Each structure stands twice: as C-alpha cells, then as structure tokens.
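Reviewing the structure listed below.
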Amino acid sequence: MRTQDRLKYIRIGIVSALMLVTVFVLGYAIRGGQSEAVVTAALDQQRPELPFEAGVFRRFDRPLDYTTAPERKNTKRSLASYYARRAYSGAPPAIPHELLDPKAFGGASCNQCHLDGGWVEQFQAWSPVTPHPEFANCLQCHVPSEGKNTFRSTHFTGAQPPAVKQAALPGAPPIIPHDLHLRTNCVACHAGPAAVPELRTTHPERANCRQCHATAADSVTAFRRPSPGDAK
Numbered sequence: 056m057r058t059q060d061r062l063k064y065i066r067i068g069i070v071s072a073l074m075l076v077t078v079f080v081l082g083y084a085i086r087g088g089q090s091e092a093v094v095t096a097a098l099d100q101q102r103p104e105l106p107f108e109a110g111v112f113r114r115f116d117r118p119l120d121y122t123t124a125p126e127r128k129n130t131k132r133s134l135a136s137y138y139a140r141r142a143y144s145g146a147p148p149a150i151p152h153e154l155l156d157p158k159a160f161g162g163a164s165c166n167q168c169h170l171d172g173g174w175v176e177q178f179q180a181w182s183p184v185t186p187h188p189e190f191a192n193c194l195q196c197h198v199p200s201e202g203k204n205t206f207r208s209t210h211f212t213g214a215q216p217p218a219v220k221q222a223a224l225p226g227a228p229p230i231i232p233h234d235l236h237l238r239t240n241c242v243a244c245h246a247g248p249a250a251v252p253e254l255r256t257t258h259p260e261r262a263n264c265r266q267c268h269a270t271a272a273d274s275v276t277a278f279r280r281p282s283p284g285d286a287k
C-alpha cells in the first residue's frame, strides 16, 4: 500500500473516532437534561444563629396554647404594677411574693411556675413566663420586695418607660421600644393570660415577630470600666 493511501485511511479513522466521541457526548448531555434533578440536603450543616434572634422560635408552640387559654379577670397585673416592680425602664422586675424556697437561687425552684406559666392557686394569679429560663441563677438579678426600711431613701428617678404601641403610620406594626437583651422571646411578655392587657398581642401564633416589628432602641453593649487615659 502506498504511503499516501495509508495516510488517507488514518485521517478517515481519526475523523470517524472524533464523530463517535461527539455523538456520545451530545447524547449523554441530552439524556442528563431529561433526567430529574436531585439536590442533596445538608442536614448536618450547622447554620449560624444570630444572637438577637436566638429566642424567637425557641418556644414557638406555646403561643398556640395561649390562643385557647381560659381568661380570668383576676390577673393582678396592670401596666402600672408592671412598671412599679422595676427600678427603671428595662430593669429586672422585683419578686412580688415570698420565695417558695428561700435557700434556692432560682432554676428549678423559680421555673416550676415561670417556665411555662399557668394558674397558681397559692397566689390566685397567672404566673408570668420568663423569656430566659436558661439563666438559672434568678436571684442574681431579681430580688424579693422586702421592707422599705432596708435602704435609705434617695432622689433617684428612673427613666420614663416608653410609650406603648408607637407606630410610624396609622395601622403600621408598632416598633419595639426596648432592647432585646435577654428578651428575645417576645411571647413571654406579650402573650398568654399573665400578659399585661396593654402589652398583649392580638396574634400570638405568629412567632416571627421581627418580620414586621422593628427595634427602635440601641443594642446593649458590654460594660467597660473607664481607663485613666479616657477623656473626661
């Protein structure tokens, strides 16, 4: 066979091989486009949690119970008493009753009534729900309301509480006038039979409160003692 004929057959073979590869690749692509797409869910992937949203969905099923909770007129809670138990707006409320266990520091003792709320026969009142049950040392911030002669009187005047139901426009969702530090579980104070009537929400089943309600207060920052070099 002549050299020219041999080269001719080699070229034909290469072209045929390229055509077969092209047909195979196109056919595989077409079949792949017709098949059902499958997305593997990363179930074990840890999503970052925003600290100021940590308590929004922690007790999302409780508001459903609040919508069917029986109403009792003797709640013993009003907006005036709500603010009277705080030294200033945003301060931890004082404990208005005797401690069930004076030797306890909180935790299981306080959460017996304040974890999920409910009617307390001993006090003839609905028990308010704590928005942060994970902090077990309750008496570190909440103190009993003991005798008025324990401390010397002062001229201290706390900041005035914010107005209730502030809104940018008529009919708009009211803003959140306080900081969310330790108060990310909105339904703890704004839902349920123990909630103050003026602060009670009409839709406790909608747990994602910050989808509509924006904050107006500045975020709480960590306390730092001033150094000698700080400007006075």
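Mapped onto the working numbering, the consecutive letters of the sequence shown carry residue numbers 56 to 287.
Every residue, glycine too, gets a C-beta built ideally from N, C-alpha and C.
As the structure is a computational prediction, the values presented were derived from the model and not from experiment.
| Asked | Found |
| --- | --- |
| CA-to-CA distance, P199 to V94, given in whole angstroms | The predicted model places V94 with a pLDDT of 49, which falls under 50 and marks its position as unreliable; any figure quoted below should be read in that light. Distance between the alpha carbons of V94 and P199 is about 56 Å. |
| C-beta contact flag for P228 and A222 at 8 Å | yes |
| Paired residues, beta bridge with I231 - DSSP | T270 |
| S71 versus I65 - alpha carbon distance | 10 Å |
| Nonlocal neighbours in the same chain, by C-beta distance under 6 Å from P147, ignoring five residues either side | C196, H197 |
| N-terminal and C-terminal residue of the alpha helix (DSSP H) that V242 is part of | 242-245 |
| Reference G226; option with closest CA among T77, Q179, A163, C267 | C267 |
| Length-filtered (3 minimum) beta strand (DSSP E) runs lying within the segment 144-181 | 173-175 |
| Chain-order list of residues whose beta-carbon lies under 6 Å from that of A180 (same chain, five-residue window excluded) | K131 |
| Whether N240 touches P186 by CB criterion (8 Å) | yes |
| Per DSSP, cross-strand counterpart(s) of P199 | I150 |
| Simplified DSSP assignment, three categories, for T257 | coil |
| Per-residue burial, I69 [other beta carbons within 10 Å of its own, 16 or more giving buried] | exposed |
| As assigned by DSSP and simplified to three states, the class of L62 | helix |
| Beta-carbon spacing of F178, H152 below 8 Å | yes |
| F79, DSSP secondary structure in three states | helix |
| A139: first and last residue of the uninterrupted alpha helix (DSSP H) it sits in | 134-139 |
| T58 versus I67 - alpha carbon distance | 14 Å |
| V78 burial status per 10 Å Cβ neighbour count (16 or more: buried) | exposed |
| DSSP three-state assignment for V70, whether helix, strand or coil | helix |
| Spatial distance of I231 from L155 (CA atoms) | 34 Å |
| For A246 and T256, believed in contact at Cβ under 8 Å, the rounded distance | 6 Å |
| Rounded distance between the beta-carbons of A149 and G213, thought under 8 Å | Not a contact, Cβ separation roughly 13 Å. |
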